[in-house]
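Undergrad: Okay, handing you the structure first.
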Amino acid sequence: MMSDARERSGAALALGVVCLVGGSVAAADRLHGFPLIGGQAARYALATVFLLVWARMRKHRFVRPTPVQMVRIFLLAATGMAGYGIVLVCATSMTSPGNVGVALGAAPLIIVLVRSLLARTRPSRSLMGGALCVACGSAVAQLSTGGAVQWSARGFVWSCLALAGVCAVTLLGAPATKELGSLTVTTYACGLASAMLFLVALIVWAVTGTPVLRRPTAVELSALTFLAVGVTTVVFLMWYGAVERLDASRAGLFNGLVPLASLLALSVTGAGSATVNQIAGAALVLFGVALGLLKTGERGPAMSSAGSSTDSSADLSAGSSAGSSAGSSTGSSAGG
42 MMSDARERSG AALALGVVCL VGGSVAAADR LHGFPLIGGQ AARYALATVF
92 LLVWARMRKH RFVRPTPVQM VRIFLLAATG MAGYGIVLVC ATSMTSPGNV
142 GVALGAAPLI IVLVRSLLAR TRPSRSLMGG ALCVACGSAV AQLSTGGAVQ
192 WSARGFVWSC LALAGVCAVT LLGAPATKEL GSLTVTTYAC GLASAMLFLV
242 ALIVWAVTGT PVLRRPTAVE LSALTFLAVG VTTVVFLMWY GAVERLDASR
292 AGLFNGLVPL ASLLALSVTG AGSATVNQIA GAALVLFGVA LGLLKTGERG
342 PAMSSAGSST DSSADLSAGS SAGSSAGSST GSSAGG
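The sequence shown: position 128 = 169 (our numbering), numbered continuously.
Here it is as C-alpha cells:
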C-alpha cells in the first residue's frame with residue numbers, strides 16, 4: 042500500500058478533510074436565511090483573520106509571490122473558493138443535490154487526466170483504475186431510487202462549473218503550495234476570495250437591493266465560525282499537507298469520499314438514511330481510493346520525450362519549472 046509514514050500521514054490528513062467537509066452539511070443548513078454572497082465573504086474574511094493569527098503565533102514569514110504564482114493564487118481564489126460556493130448553490134437550485142454530486146464525483150478522474158496531460162506522462166494503471174472506480178462509485182451512490190439521474194441543460198452546465206471549482210483547488214493550489222507553502226497560499230487565497238465576494242455582494246446590493254450582510258443570530262454566528270475555521274482554514278491547510286505527501290493525483294482520489302461523508306453525516310444526525318445504492322457506491326469508492334494508493338512501481342511511458350517528467354509530484358505547468366523554481370523560497374509546510 043503506502044510505503045512510508047509520510048504517505049500514511051498524507052492519507053490521514055485527506056481523510057480528516059473528508060470528515061470535516063462532509064460534516065459541514067449541518068452547519069450550512071443553519072445559514073439558509075443568511076445573505077448568500079455576503080455570508081461567504083464573511084466566512085473567508087474570518088478565515089483570513091484566523092490564518093494571520095496562526096501565522097503570527099508560528100512566527101511565519103510570508104513570501105511575496107512572483108507574478109506567475111500570484112495569477113495561480115488569484116485563479117484559485119476566484120474559482121476554487123469564491124466562485125465554487127456561489128456556483129454550487131446555483132447548481133443545486135436547478136437540479137437535485139444528488140445530480141450535482143454525480144458531477145463532483147468525477148473530480149478525481151479529471152485531476153488525474155489533466156495532470157498527466159500537463160506533465161506529458163501516462164498515469165499508472167492502478168491510479169487510473171482507482172479514479173474510474175471513485176467516479177463510478179460516487180455516481181452509483183447518488184442514483185435515484187428509479188436508477189436514473191434526470192439532468193436539465195442548465196443544471197448540467199452549473200454542475201460542470203462546480204466540478205471545475207473542485208478540480209481547481211488541487212490543480213491550481215498544488216504547484217503554488219509546493220513553491221510557497223500551504224499557509225502562505227491559503228492566507229492569500231482566502232483574503233482575495235473575501236474581497237471578491239464583498240465586491241460582488243456590493244454590486245448585487247446596488248442593482249437589486251439585496252443586503253450584503255445582516256446581524257447574525259447566535260446559531261448563524263456559530264455556523265459561520267465553524268465554516269470559517271473548520272471547513273476553510275483547517276481544511277485547506279490539511280488538504281495541501283496531504284497533496285504534499287501523496288501528490289495531487291493520489292490525494293484527489295479522496296474527493297470521491299466527500300459526498301459519501303455527507304450522506305453518512307445525514308444518517309448519523311437522523312436527517313436521512315442510507316440506501317442500497319449508497320452503500321454499494323461507498324464500497325466502490327473505498328475500493329477505488331485503496332487501488333489508487335497502491336504503489337506498483339510502474340510508470341507509464343512519456344507521451345513526449347521532450348520535456349517529459351517521471352516525478353509524480355512534478356509541477357502542473359509544462360513550461361514553468363525554471364521560472365517557478367527561481368521565484369520560490371520555501372517548501373510546503375506539513376501542518377500549514
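We put the CB at the ideal spot given by N, CA and C, even for glycine.
As the structure is a prediction and not an experimental result, all values here were calculated from the model.
Is residue 219 near the ligand ATP - that is, is its Cβ less than 7 Å away from at least one heavy atom of it?
TA: This structure lacks the ligand ATP; in fact it carries no ligand of any kind.
Undergrad: Can you list, in chain order, the residues of its chain with a C-beta nearer than 7 Å to that of residue 261? Leave out the 5 residues immediately preceding and following it.
TA: The answer, listed in chain order, is 71, 72, 75.
Undergrad: Going by DSSP, what residue range makes up the alpha helix (DSSP H) through residue 118?
TA: No alpha helix (DSSP H) contains residue 118, which DSSP labels as neither H nor E.
Undergrad: Under the three-state reduction of DSSP, which class applies to residue 267: helix, strand or coil?
TA: Residue state, collapsed to three classes: helix.
Undergrad: State yes or no: is the C-beta of residue 56 within less than 8 Å of the C-beta of residue 295?
TA: Yes, they are a contact pair.
Undergrad: For residue 171 versus residue 332, is the C-beta distance shorter than 8 Å?
TA: Their beta carbons are under 8 Å apart, which means residue 171 touches residue 332 by this criterion.
Undergrad: Are there 16 or more other CB atoms within 10 angstroms of the CB of residue 272, so buried, or fewer, so exposed?
TA: Buried, because 16 or more other Cβ atoms sit within 10 Å of the Cβ of residue 272.
Undergrad: Among 257, 288, 243, which has the Cα closest to the Cα of residue 48?
TA: Measuring from the Cα of residue 48, the nearest candidate turns out to be 288.
Undergrad: Comparing alpha-carbon positions, which option in 293, 292, 203 lies nearest residue 125?
TA: Of 293, 292, 203, the residue nearest in Cα terms is 203.
Undergrad: To the nearest angstrom, how far is it from the Cα of residue 237 to the Cα of residue 59?
TA: Approximately 26 Å between the Cα atoms of the pair.
Undergrad: For residue 98, count the other beta carbons within 10 Å of its own beta carbon; 16 or more makes it buried, fewer makes it exposed. Which is it?
TA: Exposed is the call here.
Undergrad: Restricting to runs no shorter than 4 residues, where is the alpha helix (DSSP H) found entirely within the region 190–261?
TA: For the region 190–261, whole alpha helix (DSSP H) runs of length 4 or above, ordered along the chain, are 194–212, 214–221, 223–249.
Undergrad: Classify residue 219 as buried or exposed, calling it buried when 16 or more other Cβ atoms lie within 10 Å of its own Cβ.
TA: Flag for residue 219 reads buried.
Undergrad: Tell me which residues share the same chain as residue 330 and place their Cβ nearer than 6 Å to its Cβ, disregarding the 5 neighbours each side in the sequence.
TA: Counting only Cβ-Cβ distances below 6 Å, and skipping sequence neighbours, we find 294.
Undergrad: Is the beta carbon of residue 230 closer than 8 Å to that of residue 122?
TA: Yes.
Undergrad: Suppose contacts are defined by Cβ-Cβ distances below 8 Å. Is residue 151 in contact with residue 208 by that definition?
TA: Yes, they are a contact pair.
Undergrad: Among 51, 50, 80, which residue has its Cα nearest to the Cα of residue 269?
TA: When only C-alpha atoms are compared, the closest one is 80.
Undergrad: Just to confirm before moving on: does the CB-CB distance between residue 265 and residue 87 stay below 8 Å?
TA: Yes, these two residues count as a Cβ contact at 8 Å.
Undergrad: Exposed or buried, which one is residue 214 when buried takes at least 16 other CB atoms within 10 Å?
TA: By the neighbour-count rule (16 or more Cβ atoms within 10 Å), residue 214 is buried.
Undergrad: Taking the alpha carbon of residue 195 as the reference point, which residue from 78, 115, 135 has its own alpha carbon closest?
TA: When each option's Cα is compared against that of residue 195, the closest is 135.
Undergrad: Classify residue 248: buried if its beta carbon has 16 or more other beta carbons within 10 angstroms, exposed otherwise.
TA: Its Cβ having fewer than 16 others within 10 Å, residue 248 is exposed.
Undergrad: Confirm, please, whether the CB-CB distance from residue 286 to residue 217 is below 8 Å.
TA: No; because the gap between Cβ atoms is not below 8 Å, this pair is not in contact.
Undergrad: Which residue wins for smallest C-alpha separation from residue 156, given the options 317, 91, 292?
TA: Considering only alpha carbons, the answer is 292.
Undergrad: Helix, strand or coil: how does DSSP classify residue 273 here?
TA: Residue 273 falls in the helix class under three-state DSSP.
Undergrad: Got a sec, what are the start and stop residues for the alpha helix (DSSP H) residue 291 sits in?
TA: 289–293 is the span of the alpha helix (DSSP H), which, as asked, contains residue 291.
Undergrad: Tell me whether residue 107 sits in a helix, a strand or coil according to DSSP, three-state version.
TA: Looking at residue 107 - three-state DSSP - the assignment turns out to be coil, as it is neither helix nor strand.
Undergrad: Check for me: the alpha helix (DSSP H) holding residue 75 runs from which residue to which?
TA: Neither: residue 75 is in no alpha helix (DSSP H) and is coded neither H nor E.
Undergrad: Closest to residue 274 by CA distance: which of 153, 91, 158 is it?
TA: Measuring from the Cα of residue 274, the nearest candidate turns out to be 91.
Undergrad: Looking only at its own chain, which residues have a Cβ that is under 7 Å from the Cβ of residue 158, when we skip the five neighbours before and after it?
TA: Excluding sequence neighbours, residue 158 sits near nothing in its chain.
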